[in-house]
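Trainee: So that we are looking at the same thing, I have put the structure below in structure tokens.
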Amino acid sequence: MSDALSYADCRLCPRACGVDRHTAAGLCGETETARVAWSGLHFGEEPPISAAEGSGTVFFCGCNLGCIFCQNRGISRPHSQGRVFSETELAALFLRLQAAGAENVNLVTGTPHAPLIIAALKRAKAGGLTIPVVWNSSGYETLETIAALNAVVDIYLADFKTADRKSAQQLFNAADYPKTAAAAIRAMCLAKPPLFADFYNDRLKLFHPLMKQGVIVRHLALPGAAADSQTVIDRYERDFRPLGAVFSLLTDYLPFSELPPPLNRRLSPSEETILKENLIQKGWDDCFFQESEECAVDWTPDFTRREPFPAGFSKAVF
Ligand code: SF4
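Heads up, our numbering is the position in the sequence shown plus 691, with the first residue counted as 1.
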């Protein structure tokens, strides 16, 4: 286990529950036992971390943020189903993903299990893990957890979900999110300046820059919140882009029926167009957004299936 982080009096994330996770679950719904909902090669991640061979993705159960619109709600809510992994088993899984050709190990929502994951990564690295490690996070992190992760993580894929305190309170009961996530992403940028290596993609017959180290700031645009999304883009430009972070705009938000308006609808064509046009006008070569045909695909993963993503976009490795 990581020396700096502890499950006792848990303060692994900004919720700072203070519960003893050896005997109880915190607000994230998780005890000290780490459960994995799915692992395998994922071909639909951001281009800098997902080329021909796929990103070696591990989805952990539970979540310390708990967005009301969660696209992974099948595994993020308390009591969701997953297979328990020990430190040794996790390390072996990381090595199996590497052996399967993964371009990186991509750890999704690992924050509640950071001590175990750090220990497993150290064990895997001692056993031959050489591919980059991606920490795929809501952005709701403490500086202490980031400091401990820096020893084993190469790439941070961090959400910056909203820059608005009121929205953060309504969406995930965390009014401090904009300030806390911004501080965490800044710490990530300072720790991991960008480093790319050209990878030759045989299928596409072209070189593809793969990230070996760095930060990707990701933002899922929500319906009725174009002004907030624009503020997020402005904050990226002001605070994170000068530090080398790249930007990813997701416009494929999928609602579910229980949500209140405007979260019960998709982005309107005009909301999507305005945000994309703004990015295009910036002329940045270090930002990504989805084409309209990609947004038409239902990306909501179904973790009850062996392959939870649309056909051809995942290959399970357990
Ligand atoms: S990781 Fe879970 S238990 Fe720990 S502080 Fe965050 S929400 Fe609470």
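Just so you know, even glycine gets a beta-carbon here, dropped at the ideal spot from N, CA and C.
Note that the structure is predicted; figures quoted are calculated from it, not measured.
Taking any heavy atom of ligand 1 as the mark, which residues have a C-beta closer than 5 angstroms to it, listed down the chain?
Mentor: Taken from the N-terminal end onward, the list reads Cys701, Leu703, Cys704, Arg706, Cys708, Gly717, Leu718, Cys719, Asn755, Pro803.
Trainee: The beta strand (DSSP E) that contains valine 937, what's its start and end?
Mentor: Here residue 937 refers to the residue found at position 246 of the sequence shown. Here the beta strand (DSSP E) through valine 937 covers 937 to 941.
Trainee: Which residues mark the beginning and the end of the beta strand (DSSP E) in which arginine 768 is found?
Mentor: Start at 1 with the first residue of the sequence shown, and residue 768 comes out as number 77. Premise fails: arginine 768 is in no beta strand (DSSP E) and is neither H nor E.
Trainee: Could you give the uninterrupted runs of the alpha helix (DSSP H) lying entirely in the stretch 817 to 883, keeping only those of 4 residues or more?
Mentor: Here the runs fully enclosed are 834 to 840, 856 to 863, 868 to 882.
Trainee: So, at 6 angstroms on beta carbons, what are the nonlocal neighbours of proline 884 in its own chain, with the 5 sequence-adjacent residues on each side left out?
Mentor: Against the sequence shown, residue 884 aligns to sequence position 193. If we look at proline 884 and ignore the five residues flanking it on each side, its Cβ neighbours are Gly935.
Trainee: Between tyrosine 698 and the rest of its own chain, which residues show a CB-CB distance below 7 angstroms, the 5 nearest in sequence each way excluded?
Mentor: Here the question's residue 698 lines up with position 7 in the sequence shown. So the list reads Arg712, His713, Glu723, Pro806, once near-sequence residues are dropped.
Trainee: Answer yes if the stretch 829 to 836 comes into contact with the stretch 727 to 745, meaning at least three C-beta pairs across the two stretches below 8 angstroms, and no otherwise.
Mentor: The stretch 727 to 745, when compared against the stretch 829 to 836, does not touch it at the 8 angstroms Cβ threshold.
Trainee: Leucine 718 and arginine 702 - do their beta-carbons sit closer together than 8 angstroms?
Mentor: Indexing the sequence shown from 1 puts residue 702 at position 11. Indexing the sequence shown from 1 puts residue 718 at position 27. For arginine 702 and leucine 718, no; Cβs fall outside 8 angstroms.
Trainee: Just to check my reading of the structure: alanine 912 and glutamate 962 have Cβ atoms closer than 8 angstroms, yes? What is that Cβ distance to the nearest angstrom?
Mentor: Here residue 912 refers to the residue found at position 221 when the sequence shown is read from its first residue. Here residue 962 refers to the residue found at position 271 when the sequence shown is read from its first residue. Sure, about 7 angstroms apart at Cβ, within 8 angstroms.
Trainee: Bridge partners for arginine 929 per DSSP, in chain order?
Mentor: The count along the sequence shown starts at 1 and reaches residue 929 at position 238. In the DSSP output, where bridge partners are listed per residue, arginine 929 has none listed.
Trainee: In or out: glutamate 982 buried (at least 16 other Cβ within 10 Å) or exposed?
Mentor: One-based indexing of the sequence shown puts residue 982 at position 291. Glutamate 982 comes out exposed.
Trainee: Which residue's Cα is closest to the Cα of glycine 915: Phe938, Pro951, Leu958?
Mentor: What you label residue 915 is simply residue 224 of the sequence shown in a count that begins at 1. It is Leu958.
Trainee: Closer than 8 angstroms by C-beta to cysteine 978: which residues in its own chain qualify, once you throw out the five before and the five after it? Chain order, please.
Mentor: Working through the sequence shown from its first residue, we reach residue 978 at position 287. Result list for cysteine 978: Val937, Phe938, Ser939, Leu940, Leu970, in chain order.
Trainee: I need the straight-line Cα distance from asparagine 864 to proline 823, nearest angstrom please.
Mentor: Residue numbering aside, residue 864 sits at position 173 when the sequence shown is read from its first letter. Residue numbering aside, residue 823 sits at position 132 when the sequence shown is read from its first letter. If you take the alpha carbons of asparagine 864 and proline 823, they lie about 33 angstroms apart.
Trainee: Please return the same chain residues whose Cβ sits closer than 6 angstroms to the Cβ of alanine 815, not counting the five positions on each side in sequence.
Mentor: Counted from its first residue, the sequence shown places residue 815 at position 124. If we look at alanine 815 and ignore the five residues flanking it on each side, its Cβ neighbours are Ala782, Phe785, Leu786.
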